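As you go down the protein sequences, you meet chains A and B in turn.
FYI, the numbering for the first sequence is 1 to 219, going by this note's numbering.
FYI, the numbering for the second sequence is 220 to 438, going by this note's numbering.
C-beta: ideal position from N, C-alpha, C; glycine also.
Quantities reported herein were computed from a predicted structural model and do not represent experimental measurements.
Number of protein chains: 2
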Amino acid sequence: MSERAGRAPGKRGPAYPRAVDALISELAHLPGIGRRSAERLAFHLLRSSTDEAMGLARAIEDVKKSVRHCGVCWNLADSDVCDVCADDSRDRATVLVVEQPKDLIALEQTGMFRGVYHVLMGRLSPLDGVGPGELTLAPLFERVDDPAKNVAGVRVAEVILGLNPTVEGDGTALYLGEQLAGRVGVRVTRLARGLPTGSQLEYANKAVLADAIECRQRV
Amino acid sequence: MSERAGRAPGKRGPAYPRAVDALISELAHLPGIGRRSAERLAFHLLRSSTDEAMGLARAIEDVKKSVRHCGVCWNLADSDVCDVCADDSRDRATVLVVEQPKDLIALEQTGMFRGVYHVLMGRLSPLDGVGPGELTLAPLFERVDDPAKNVAGVRVAEVILGLNPTVEGDGTALYLGEQLAGRVGVRVTRLARGLPTGSQLEYANKAVLADAIECRQRV
């Protein structure tokens with residue numbers, strides 16, 4: 001084994017081909033993907049067929065080219081108006097406000113809601129520097145105030161607050177409730193709080209039980 | 220809130236734009252990435268700048284276009300022969316056999332080895348269906364037998380077995396040792412076993428201590 005004098009250990013950088021290094025550092029930029037996982041993913045892509053790897057590359061390009069936000073409700077869309085807003089069987093007078101497009105998807109999957117949505121693109125979080133200006137609050141207030149700004153010019157009759165039942169979600173709902181209270185002709189409601197169906201009372205936490213008692217429903 | 224009679228809950232599929240669904244399922248094909256993580260990554264790519272997302276897409280394309288295996292040692296390369304094999308300051312008579320390109324990188328980072336490598340692309344693992352035919356054993360034996368098949372036509376004088384110190388790595392080393400034993404003029408060695416520098420005796424496991432005793436070195 002020939003050691004070469006004068007060559008300090010660790011002096012050489014990694015010797016992957018340039019393209020592999022580039023891919024690893026691109027992958028390591030993704031959230032929750034560290035350097036090690038990025039290497040593992042890069043080696044997977046190296047091993048997999050060209051079709052498979054190119055499928056991923058093309059999917060990323062497609063998304064950046066074709067996906068935008070709905071001009072009315074800020075849901076993800078592949079045209080100017082999203083599928084929900086474009087569907088004229090929906091009740092455009094009822095607007096359910098959610099934080100993220102994925103909340104909208106979760107609600108859509110129940111098939112129980114036939115109104116339309118408004119996606120805030122986040123929740124108020126002063127500690128993270130997210131104030132009212134960072135969310136799509138202004139377009140929501142415009143939709144409520146001016147029927148021309150809502151889908152098909154329908155006047156908004158009810159705003160349902162569908163934020164996450166967390167401290168920040170509740171804070172955002174409180175703020176929205178205050179801002180919307182002054183608007184004439186608009187009912188503001190929120191999604192029900194209580195025991196999750198399928199759960200057991202003995203394992204429910206205090207906040208859930210308190211909600212269940214306070215918001216008890218007539219049978 | 221208008222519910223529509225006759226619409227069963229859960230009947231609607233997810234309502235992401237087609238391109239977003241496609242990206243999520245491409246990402247979910249990656250190892251260790253489930254559906255939830257794939258959604259999280261897709262939303263990250265949607266939020267990030269076009270340059271950033273396209274950077275990843277282009278890095279994948281680049282890797283599939285430009286990266287291949289070295290014709291001599293099977294290391295990753297961006298031309299017919301890898302950087303290590305192409306470097307004429309290296310000792311081509313000493314071949315260190317490793318399982319994967321990443322093992323080669325780890326060894327290169329020490330800067331202590333000035334020979335060349337041979338990457339097996341795995342280890343023997345009968346339970347996973349990996350036999351001698353799945354590895355680059357034939358090209359290794361050809362390099363040893365015929366100087367013309369080695370870098371710059373140099374005759375191989377020493378083969379160092381650098382497989383992982385695991386059951387399967389050891390099994391592969393045993394097989395290689397047997398296969399190489401009959402070849403005239405080739406010395407077969409393996410990487411040293413013993414206590415890892417920086418560790419503490421009291422925490423070393425029995426196998427490590429047994430190796431340390433058995434392979435004790437003269438000082």
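{"query": "I want to verify the contact list: residues of chain A whose CB lies under 7 Å from the CB of B:His337, in sequence order.", "result": "Correct list: empty, because the minimum Cβ distance to chain A is about 15 Å."}
{"query": "My parser needs the alpha helix (DSSP H) runs of 4 or more residues fully inside the segment 267-310 of chain B; what are they?", "result": "269-285 and 302-305"}
{"query": "Determine, using beta carbons only, whether A:Leu46 comes closer than 8 Å to chain B.", "result": "yes"}
{"query": "Can you give me the Cβ contacts of B:Tyr394 inside the same chain, cut-off strictly under 8 Å, excluding the 5 residues immediately before and after it?", "result": "Leu343 and Pro351"}
{"query": "Any chance you could list the alpha helix (DSSP H) runs of at least 4 consecutive residues sitting entirely within the segment 126-155 of chain A, in chain order?", "result": "137-145"}
{"query": "Could you tell me the distance, in whole angstroms, from the CA atom of B:Leu295 to the CA atom of A:Arg40?", "result": "15 Å"}
{"query": "Within 10 Å of its beta-carbon, does B:Leu246 have 16 or more other beta-carbons around it, so buried, or fewer, so exposed?", "result": "buried"}
{"query": "Apply the 10 Å Cβ neighbour rule to A:Arg143 and answer buried if 16 or more other Cβ atoms are within range, or exposed otherwise.", "result": "buried"}
{"query": "At a CB-CB cut-off below 7 Å, which residues of chain B make contact with A:Ser199?", "result": "None at all; the shortest Cβ gap to chain B is about 18 Å."}
{"query": "Could one say the Cβ of B:Ser256 lies closer than 8 Å to chain A's Cβ atoms, at least one of them?", "result": "yes"}
{"query": "Hey, how far is the Cα of B:Asp299 from the Cα of B:Arg287?", "result": "8 Å"}
{"query": "Of the residues A:Asp145, A:Val167 and A:Leu107, which one's Cα is nearest the Cα of A:Leu220?", "result": "The question about residue 220 of chain A has no answer, for chain A in this structure spans 1 to 219."}
{"query": "Going along chain A, which residues have a C-beta under 9 Å from B:Val282?", "result": "Pro17, Ala19, Val20, Ala22, Leu23, Ala42, Leu45, Leu46 and Ala53"}
{"query": "Please return the same chain residues whose Cβ sits closer than 7 Å to the Cβ of B:Val375, not counting the five positions on each side in sequence.", "result": "Ala312, Val314, Arg362, Val363, Asn369 and Val405"}
{"query": "Does the segment 52-64 of chain A come close enough to the segment 275-283 of chain B that 3 or more CB-CB pairs lie under 8 Å?", "result": "yes"}
{"query": "Could you check where the alpha helix (DSSP H) with A:Gly34 kicks off and where it finishes?", "result": "Segment: none, A:Gly34 is in no alpha helix (DSSP H) and carries neither H nor E."}
{"query": "From what residue to what residue does the alpha helix (DSSP H) around B:Gly396 run?", "result": "Val386 to Ala400"}
{"query": "Which bits of chain A does B:Val286 rub up against, with CB to CB less than 7 Å?", "result": "Pro17, Ala19, Val20 and Leu46"}
{"query": "Can you tell me where the alpha helix (DSSP H) with A:Arg18 in it begins and where it stops?", "result": "Arg18 to Ala28"}
{"query": "On the DSSP bridge list, what partners appear for A:Leu96?", "result": "A:Tyr117 and A:Ile160"}
{"query": "Measuring alpha carbon to alpha carbon, tell me which residue in A:Glu202, A:Ala173, A:Cys215 and A:Leu209 is nearest A:Ala192.", "result": "A:Cys215"}
{"query": "Just the chain A side, please: which residues come within less than 8 Å of B:Thr269 by C-beta, in chain order?", "result": "Lys64"}
{"query": "According to the neighbour-count rule (16 or more other Cβ atoms, all chains shown, within 10 Å of its Cβ), is A:Ile213 buried or exposed?", "result": "exposed"}
{"query": "I'd like to check one pair, B:Val373 with B:Pro366: are the Cβ atoms closer than 8 Å?", "result": "yes"}
{"query": "Give the single residue among A:Lys206, A:Ser48 and A:Leu120 whose Cα lies nearest to the Cα of A:Cys73.", "result": "A:Leu120"}
{"query": "According to DSSP, is A:Thr110 helix, strand or coil?", "result": "helix"}
{"query": "What residue from B:Thr329, B:Ala371, B:Arg409 and B:Glu421 has the CA that sits closest to B:Asp197's CA?", "result": "Residue 197 of chain B falls outside the range modelled here, since chain B spans only 220 to 438, and no answer is possible."}
{"query": "Taking 8 Å as the CB-CB limit, is B:Gly251 close to chain A?", "result": "yes"}
{"query": "Is it true that the CB of A:Gly177 sits closer than 8 Å to the CB of A:Val188?", "result": "yes"}
{"query": "Which of the three DSSP states is assigned to B:Ala227 in this structure?", "result": "Low local confidence applies: a pLDDT of 43 at B:Ala227 is under 50, so the model's placement there is unreliable, with the coordinate-based value given in what follows. Note: B:Ala227 maps to coil in three-state DSSP."}
{"query": "Contact defined as beta carbons within less than 8 Å: I believe A:Leu163 pairs with A:Val97. What is the distance between those atoms, to the nearest angstrom?", "result": "7 Å"}
{"query": "Kindly indicate which three-state DSSP category B:Glu222 falls into: helix, strand or coil?", "result": "At B:Glu222 the pLDDT is 40, less than 50, meaning the model places this residue with poor confidence; the figure from the coordinates comes in the next sentence. Reduced to three states, the DSSP call for B:Glu222 is coil."}
{"query": "Let me know if B:Glu421 comes out buried or exposed under the rule of 16 or more other beta-carbons within 10 Å of its beta-carbon.", "result": "exposed"}
{"query": "At the level of alpha carbons, what is the spacing between A:Gly111 and A:Glu99?", "result": "19 Å"}
{"query": "If you draw a straight line from the C-alpha of B:Arg254 to the C-alpha of B:Gly413, how long is it?", "result": "43 Å"}
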